[in-house]
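Take a look at the structure below.
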Amino acid sequence: MARNGGIGVPCLGLSILILMFLIPSSLAYRPGDIVPTSKMGQYHSARTVWHDVIGRHCPIFAVNREVLIPIPKPTGYTGADPYKISFQVGREKFLIPWLFVINRKSSEVPMIDVHLRYSGSDLLGVTAKVVDMPHHYLDIHPDIRKQFWDQQHWPKHVLVRYAWEEQSEIDVTSGFYVLFGSGLLMTFVLSIYVLQSSRDKFARFVKETVAETSMPAGGFAKVE
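Those letters in the sequence shown? Residues 49 to 272, by this note's numbering.
Shown next as structure tokens:
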């Protein structure tokens, strides 16, 4: 019975090791998947809560594209101060800090340029900045400029350009940490197994020694 218990310890350790590799897969993406995104806005000291961005405005994993995101009129808006927004991207909730989109001290219509890095099925990071909307886009859609500068027209629409960059799947640092962690776990499991085996052998040795020392002269002691 003790032997079976000892074998069960490394089996449990192997199960834990397998789970360590399976858990990150819950965050994995496939090309074409919607990357969930939420948005928050602030005007003066009034800040909204995080709102989910609808699917057609979210990034699509590994797909470069442009979308027009509506910006609702902020509560108490007078046009005297800038309005800024922030995003959380992916199930990993990568934070895009505040971006000034209205009254940003520029005569150009703003565009949000979002750069997303990925490797295989993993989203590695997100950065963004506000730039001037390309003139060729405004030439095709002149209403965007007109509506953006019209103080009475809401919601405003801001062009968001999602650009994806694929990075090598070979990550030496991460691989080292995985191997190091796996080695520590296996060392721990084997140590428990060796300790269990040694304890069983030691107990058997003590039992046999006691039996031998208590054996009567010229007879045999029964060892159970």
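Even glycine gets a Cβ: it sits at the ideal position worked out from N, Cα and C.
In its chain, beyond the 5 residues on either side, M88 and G89 have a beta carbon closer than 6 Å to the beta carbon of T96. Using a Cβ distance threshold of 7 Å, I133 and L116 do not count as a contacting pair. Taking 7 Å as the cut-off, the Cβ atoms of K121 and W202 count as close. Cβ-Cβ separation between N112 and G127: approximately 34 Å, too far for a contact (criterion under 8 Å). Of all C-beta pairs linking the region 156-175 to the region 231-243, fewer than three are shorter than 8 Å, placing the two stretches out of contact.
Contact between V149 and V206 holds: their C-beta atoms lie close to 5 Å from each other, under 8 Å. Classified as exposed, L243 has fewer than 16 neighbouring CB atoms from the shown chains inside 10 Å of its CB. Counting of Cβ neighbours within 10 angstroms places F228 among the exposed residues, the total staying below 16.
One thing to note: A76 has its Cβ no nearer than 7 Å to the Cβ of S167.
By a beta-carbon distance limit of 8 Å, P118 does not contact V83. Their separation comes to about 19 Å. Annotation: the continuous alpha helix (DSSP H) that includes Q195 extends over P190 to W197. Going by C-alpha positions, V174 is about 53 Å away from R247. Contact between K177 and D161 is confirmed by a C-beta separation of about 5 Å, below the 8 Å threshold.
Here the alpha carbon of F135 sits roughly 20 Å from the alpha carbon of G80. For A176, the uninterrupted beta strand (DSSP E) run begins and ends at D170 to D180, by DSSP.
Per DSSP, reduced to three states, the secondary structure at Y185 is helical. The DSSP assignment places 85-91, 113-119, 131-137 and 142-150 as complete runs of the beta strand (DSSP E) inside the region 78-162, in order along the chain (cut-off: 3 residues). Its Cα nearest to that of Y210, the residue H163 stands out among H163, P145 and R104.
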